[in-house]
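Please read the structure below before turning to the comments.
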């Protein structure tokens, strides 16, 4: 079968003879050999080639087709090798200086390249056929490189001289000299063509760089001021990256810069930060800080370190502001300035880095709470100052901005209840004396507090505003009521009726009022109780104030004074001279208040009373008389109360009250938690309480509260486990 | 002319028109519930404050005090929920009759 088929097919096949091989004439062959040898020699000697290049090219082509390629290749190689070997002596023989040496080498290299290009042009066919077909054979170009490397650059003296020369050139450039950049570039390209760049040059270069910058870092970081050092580092880094751009291989850039950064920044980062930070922040040199930030951002952990130091700086500076009792007066303004300064540093120098923003917040919170209560109190006072009438330094919008800023401070405060207590006290003063600058500002402040701490926090403050409003609404009705009553005395009386729980606690003082004032009080009481059943009223004499018409011999005046001051003044209607003790007895004002009142009338800016003997403090034996020749350019005169002692006393009271309130809050929190969880271990209870409370508490205090609750049967200890509590329903 | 001026100055005797007279008086008074016991026996909070429920719901305005015939007083909300269980005063067990409601 198979043979049959084959025979069928074979009829279609036509068998042809081999083409007769074109044999090269031997004589011609010799001729070509010679011509080629001649041509290569001419190229090497930089002479014009006496043969037509196309013929040479063709000759190579012919020889390749006649399987003469290996011989052709070897002959060429030998010829080139000899030439290359010979040219080495140019470098070894002469005593040249570094520069000349490098130039010589460079020209050798350039020549080599040109020659190889020309040779390759002639031997192109060899390159395309023989070399392509034999992977083990190097291309002509590579062969040239190989020879150049083997016989010239790898020669020990040459290699050493070249690398040293290059390095010394670079180091001269680093020292500020101008050098032949194109020479370096060309030589480095040569090394890289010869595959010697990385191993022979780069490693050594990096080593040298590293040791250079290690010493520079060591020296300059010691001798230079930090700002200068930073600029120096910045300059170096720029130079090195330019170096990469100009002549180094691209691959060197990364290790080079890393090495520079390591030596100049990373190893010195602590020193840079520690030495420089405080100074730079104090002097607010934003550009240098920015530089520091960008430099440190380059190295590992640099920013972490900076951030840490930043936080330390804030805490250090902040603590000194907060802890210094002598700076209490300016503490809040200082804090605000400090904050806005740091904000601008973060914004302009630290790239808005959220990490730094958070660090700033945390640090503020830490240092502001180092001193308990006082910052909260001062912030409240600061707000009071801004909201009080007579503060004309700001428009409503500006005021709102200031309040926003102060709210940021407020957020850091842990003892928000202390703030509330003082804020409330000041608000009460503003409302009762009618000294609040603007209702809008008050309301916007209240709203801010509400947003920050919830409605529970502000409900009492809102209640205060409502009380004042209600009282205002009540007044016309009261006036009408008075008209119907027909009382002889003509006194314009307004009353603020306040809900006790909304306001700070005031201690009542039973002062002796004139008859007609008492009758007015009684009338009001009747009127009020007819409107509101089930209530009782308590008059707070310390908060009242009056406008007193004074009939001085030299002219009539209206004096705005407190009720206590009024009572003292009224005494002088009957007598010209009254002793301290008599005054006290007749008015019923208690000792401390009496002294303050008299001080304000006799020792203040505007003096309505004479004190005998003269002096700042009021003594028991002093005698007072009214100033008969009283003169003042204004008709309306306001006599301020003496505040100082009051604040100290009130201050302690307020703080104490806050602590009492805290105990209730702790109790309430514990009971709330126990009620929902029924049984809880001590540790879990403590963490739950801490989560709920708005102020800091000591664990020992917390323990006391728990003990007290156990005593009062709100909860009990587990019989077996003392650290387990049960809720007692 | 001279005569009239001298007569004017001599006319008001220093003690006739008193030296200091009050023109305007701004008084301050605190109101609280007129109760014998400050705390509400049901919620154990001060009567001047709102009861627990109202404090939570922030409507302290509406939380008023109620007096019974027995003169015991409670938050209105507190006694209202108590009366669902019993119509006696939680303190003295007498029948609960409202005497007055605070306003």
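Protein chains in written order, with the numbering used here: chain A, 418 to 1146; chain B, 4 to 106. We put the beta carbon where it would ideally sit given N, CA and C, even for glycine.
Checklist line | Neighbourhood of residue 537 of chain A by C-beta distance below 7 Å, restricted to the same chain and skipping five residues each side | finding: 544, 557, 558
Checklist line | DSSP beta-bridge partners of residue 1133 of chain A | finding: A/1143
Notebook entry, point to check: Quick one, which residues of the segment 17 to 46 of chain B are near chain A if we go by CB-CB under 9 Å, in chain order?
Noted result: 17, 18, 20, 21, 22, 23, 24, 25, 26, 27, 28, 29, 30, 31, 32, 33, 34, 35, 36, 37, 38
Check: Looking only at its own chain, which residues have a Cβ that is under 6 Å from the Cβ of residue 23 of chain B, when we skip the five neighbours before and after it?
Finding: none
Next item on the list: Output, in sequence order along the chain, the residues in the segment 985 to 1011 of chain A whose CB is closer than 7 Å to any CB in chain B.
Entry: 986, 987, 989, 990
Next item on the list: Pair every Cβ in the segment 666 to 686 of chain A with every Cβ in the segment 698 to 706 of chain A, then say whether three or more of these pairs are closer than 8 Å.
Entry: no
Next item on the list: Please classify residue 532 of chain A: is it buried, with 16 or more other beta-carbons within 10 angstroms of its beta-carbon, or exposed?
Entry: buried
Notebook entry, point to check: Mind listing which residues of the segment 698 to 715 of chain A have their C-beta closer than 7 Å to chain B's C-betas, in chain order?
Noted result: none
Notebook entry, point to check: For the alpha helix (DSSP H) that residue 756 of chain A lies in, which residues bound it at each end?
Noted result: 748 to 765
Next item on the list: Hey, could you find the ends of the alpha helix (DSSP H) residue 34 of chain B is sitting in?
Entry: Unbroken run through residue 34 of chain B is the beta strand (DSSP E), 23 to 36; no alpha helix (DSSP H).
Notebook entry, point to check: beta strand (DSSP E) containing residue 103 of chain B: first to last residue?
Noted result: 101 to 104
Margin query: So, with DSSP's three-state summary, where would you put residue 688 of chain A?
Written below: helix
Margin query: If distances are taken between C-alpha atoms only, which option among B/105, B/73, B/52 comes closest to residue 90 of chain B?
Written below: B/73
Checklist line | Interface partners of residue 957 of chain A on chain B, CB under 8 Å | finding: 31, 32, 33
Notebook entry, point to check: With a Cβ-Cβ cutoff of 8 Å, do residue 884 of chain A and residue 843 of chain A count as a contact?
Noted result: no
Checklist line | Under the three-state DSSP convention, the category residue 976 of chain A falls into | finding: strand
Next item on the list: State the beta-bridge partners of residue 108 of chain B as determined by DSSP.
Entry: It is not possible to answer for residue 108 of chain B, since the shown part of chain B is limited to 4 through 106.
Check: Does the beta carbon of residue 2 of chain B sit closer than 8 Å to a beta carbon anywhere in chain A?
Finding: Limits of chain B in this structure are 4 at one end and 106 at the other, which puts residue 2 of chain B out of reach.
Check: Do you know offhand how far residue 608 of chain A's Cα is from residue 754 of chain A's?
Finding: 60 Å
Notebook entry, point to check: Between which two residues does the alpha helix (DSSP H) carrying residue 940 of chain A extend?
Noted result: 932 to 948
Next item on the list: Taking residue 975 of chain A as the query, report the chain B residues whose CB atoms sit under 8 Å from its CB, ordered along the chain.
Entry: 26
Check: Helix, strand or coil for residue 523 of chain A per DSSP?
Finding: helix
Notebook entry, point to check: Can you give the Cα-Cα distance for residue 998 of chain A and residue 1128 of chain A, rounded to whole angstroms?
Noted result: 50 Å
Next item on the list: Starting from the Cα of residue 1174 of chain A, find the closest Cα among A/749, A/927, A/833 and give me that residue.
Entry: Past the edges of chain A, shown from 418 to 1146, lies residue 1174 of chain A, and the structure says nothing about it.
Check: Helix, strand or coil: which one does DSSP assign to residue 1039 of chain A?
Finding: coil
Notebook entry, point to check: Given that residue 111 of chain B touches chain A, what residues does it touch there, using C-beta distances under 8 Å?
Noted result: Given that chain B is displayed from residue 4 to residue 106, the structure contains no residue 111 of chain B and the question cannot be resolved.
Check: Out of curiosity, what's the CA-to-CA distance linking residue 5 of chain B and residue 967 of chain A?
Finding: Here residue 5 of chain B scores only 36 on pLDDT, less than 50, and its place in the model should not be relied on; the value that follows carries that caveat. Rounded to the nearest angstrom, the two C-alpha atoms are 27 Å apart.
Checklist line | Reduced DSSP secondary structure (H/G/I, E/B, other) of residue 961 of chain A | finding: coil
Item checked: Contact set between the segment 891 to 919 of chain A and chain B, restricted to residues whose Cβ is under 8 Å from the partner -> 908, 909, 910, 911, 912, 913, 914, 915, 916, 917, 918
Next item on the list: Pull up the distance between the alpha-carbon of residue 1068 of chain A and that of residue 1138 of chain A, whole angstroms please.
Entry: 44 Å
Note to self: For residue 503 of chain A and residue 448 of chain A, what's the separation of their Cα atoms in angstroms?
What the structure shows: 26 Å
Next item on the list: Would you verify that the beta carbon of residue 936 of chain A is, or is not, closer than 8 Å to some beta carbon of chain B?
Entry: no
Margin query: Tell me the rounded alpha-carbon separation between residue 488 of chain A and residue 600 of chain A.
Written below: 38 Å
Check: Going by other Cβ atoms of all chains shown within 10 Å of its Cβ, with 16 needed for buried, is residue 9 of chain B buried or exposed?
Finding: Bear in mind that the predicted position of residue 9 of chain B carries a pLDDT of just 36, short of 50, making it too unreliable to give a figure here.
Check: Around the Cβ of residue 616 of chain A, are there at least 16 other Cβ atoms within 10 angstroms (buried) or fewer (exposed)?
Finding: exposed
Next item on the list: Count the CB pairs spanning the segment 93 to 105 of chain B and the segment 902 to 922 of chain A that are closer than 8 Å, and state whether there are at least three.
Entry: no
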